[in-house]
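Asker:
Chains as they are written, first to last, in our numbering: chain A, 40 to 301; chain B, 2 to 58.
Below is the structure:
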């Protein structure tokens, strides 16, 4: 336990984090590209058409990973929010801030691809059913969080406000996940991670898992990259404040100097 | 692959490509902008405390 704590403490040092992430990031991004390339080859050249949905089942291979990532990134932001509020750790603030735009992008991707898939299969682009509506609410929460980051200038004050908003917004996550079980929705119930095993045939399930792994590594790579940029942004902010302080002091020193000479 | 709804599939993958491409482009450009800003400060002689301490004998 003590060893785990020391590893976490070491990783939580921003300079050490920058050095370690610089080494990990190219490998992670490369592996993500390979998995996505293999996944796309499987999707377009190996996966059979669905007996009901025909070729449109291929939209599933981007829609489902995007949906998973919209929840995964929010869960990660919630973990970081706890880190901000309990340990007041700056790297937790940085992790929260870097995850929000990526989470918003994958939530939008989930909603748009779902809508495109819905038109030929359901006969409509949109219905106000519980799954679709709660996913739209998730997008609005992400956008609210991004807005709050921009509204408060001081990073640690912004982080605490955002952390509280993130924790409140977490209420929506189980609603998104279980909406298809709790209410009668047009959206289908869970078919991959469910008690009793997946209902998808292996010929379609494996390509889906490959695409999901590729998208997850892509999201984690983007998140690491975003954290690195945010650390640099905070250094730029600190230096611009330091420079402003130095400019303010300079004329005072010039006025005081003659008096000291006397 | 049957071609009945090809337009929908192309539209979904095109939107995914634009979203992912946009995320990657934003990450690269933002990182470069911050690196440039840091280099500008260093060139003007404005340094972080840790850098100043490391530079002192």
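The beta carbon of each residue, even a glycine, is placed where N, CA and C say it ideally should be. Note that the coordinates shown come from a computational prediction; the quantities given were computed from them, not determined experimentally.
Check this for me: beta carbons of residue 102 of chain A and residue 169 of chain A, under 9 Å apart or not?
Answerer: For the purposes of this step, residue 102 of chain A is identified with residue 63 of the first chain, where counting begins at 1. For the purposes of this step, residue 169 of chain A is identified with residue 130 of the first chain, where counting begins at 1. It is not a contact, given that the beta carbons lie outside the stated cut-off.
Asker: Mind pulling the chain A residues with CB within less than 7 Å of residue 24 of chain B?
Answerer: As a first step, residue 24 of chain B is located in the second chain; it is residue number 23 there, counting from the start. Under the 7 Å cutoff, chain A gives 141, 144, 261.
Asker: Could you spell out the range, first to last residue, of the alpha helix (DSSP H) harbouring residue 11 of chain B?
Answerer: Looking up residue 11 of chain B in the second chain gives position 10. Its alpha helix (DSSP H) spans residues 7 to 44.
Asker: Once DSSP output is grouped into helix, strand and coil, what is the label at residue 299 of chain A?
Answerer: Indexing the first chain from 1 puts residue 299 of chain A at position 260. The predicted model places residue 299 of chain A with a pLDDT of 42, which falls under 50 and marks its position as unreliable; any figure quoted below should be read in that light. Here residue 299 of chain A sits in helix by DSSP.
Asker: Pairing CB atoms from the region 191 to 205 of chain A with CB atoms from the region 114 to 131 of chain A, are three or more of them under 8 Å?
Answerer: Yes: the two stretches touch, three or more of their Cβ pairs being nearer than 8 Å.
Asker: So, does the CB of residue 28 of chain B fall closer than 9 Å to a CB anywhere in chain A?
Answerer: The sequence position of residue 28 of chain B within the second chain is 27, counting from 1. Interface residue, yes.
Asker: What is the DSSP secondary structure of residue 236 of chain A, reduced to helix, strand or coil?
Answerer: If you number the first chain from 1, residue 236 of chain A lands on position 197. In this structure, residue 236 of chain A counts as coil in the three-state DSSP scheme.
Asker: Assign residue 132 of chain A to one of three DSSP states: helix, strand, or coil.
Answerer: Within the first chain, the letter at position 93 stands for residue 132 of chain A. Helix.
Asker: Please check if any C-beta of chain A sits within less than 9 Å of the C-beta of residue 44 of chain B.
Answerer: Looking up residue 44 of chain B in the second chain gives position 43. No, its Cβ sits nowhere closer than 9 Å to a Cβ of chain A.
Asker: Do you know offhand how far residue 141 of chain A's Cα is from residue 240 of chain A's?
Answerer: By one-based count along the first chain, residue 141 of chain A stands at place 102. By one-based count along the first chain, residue 240 of chain A stands at place 201. If you take the alpha carbons of residue 141 of chain A and residue 240 of chain A, they lie about 31 Å apart.
Asker: Which residues does DSSP list as the beta-bridge partners of residue 89 of chain A?
Answerer: Taking the first residue of the first chain as 1, we reach residue 89 of chain A at position 50. In the DSSP output, where bridge partners are listed per residue, residue 89 of chain A has A/93.
Asker: Does residue 269 of chain A pass the burial test, meaning 16 or more other C-beta atoms within 10 Å, or should it be called exposed?
Answerer: As a first step, residue 269 of chain A must be located in the first chain, where it is residue number 230. Buried is the call here.
Asker: Of all the options A/190, A/199, A/215, which has the alpha carbon lying nearest to the alpha carbon of residue 134 of chain A?
Answerer: The sequence position of residue 134 of chain A within the first chain is 95, counting from 1. For residue 134 of chain A, the nearest C-alpha among the options comes from A/199.
Asker: Let me know if residue 5 of chain B comes out buried or exposed under the rule of 16 or more other beta-carbons within 10 Å of its beta-carbon.
Answerer: One-based indexing of the second chain puts residue 5 of chain B at position 4. Under this definition residue 5 of chain B is an exposed residue.
Asker: For the structure I just gave you, are there three or more beta carbon pairs, one from the region 175 to 192 of chain A and one from the region 5 to 20 of chain B, closer than 8 Å?
Answerer: The region 175 to 192 of chain A, when compared against the region 5 to 20 of chain B, does not touch it at the 8 Å Cβ threshold.
Asker: Alpha carbon to alpha carbon, what distance is there between residue 206 of chain A and residue 184 of chain A?
Answerer: Mapped onto the first chain, residue 184 of chain A falls at position 145. Mapped onto the first chain, residue 206 of chain A falls at position 167. Computed Cα separation, rounded: 11 Å.
Asker: Taking Cβ positions only, does residue 119 of chain A come closer than 9 Å to chain B?
Answerer: Within the first chain, numbered from 1, the residue matching residue 119 of chain A stands at position 80. So no, residue 119 of chain A is outside the interface.
Asker: Quick one: Cα of residue 218 of chain A to Cα of residue 81 of chain A, how far?
Answerer: In the first chain, residue 218 of chain A corresponds to position 179, counting from 1. In the first chain, residue 81 of chain A corresponds to position 42, counting from 1. One C-alpha to the other measures close to 31 Å.
Asker: Name the residues in the region 245 to 261 of chain A whose C-beta lies less than 8 Å from a C-beta of chain B; which are they?
Answerer: The region 245 to 261 of chain A vs chain B, Cβ under 8 Å: 257, 261.
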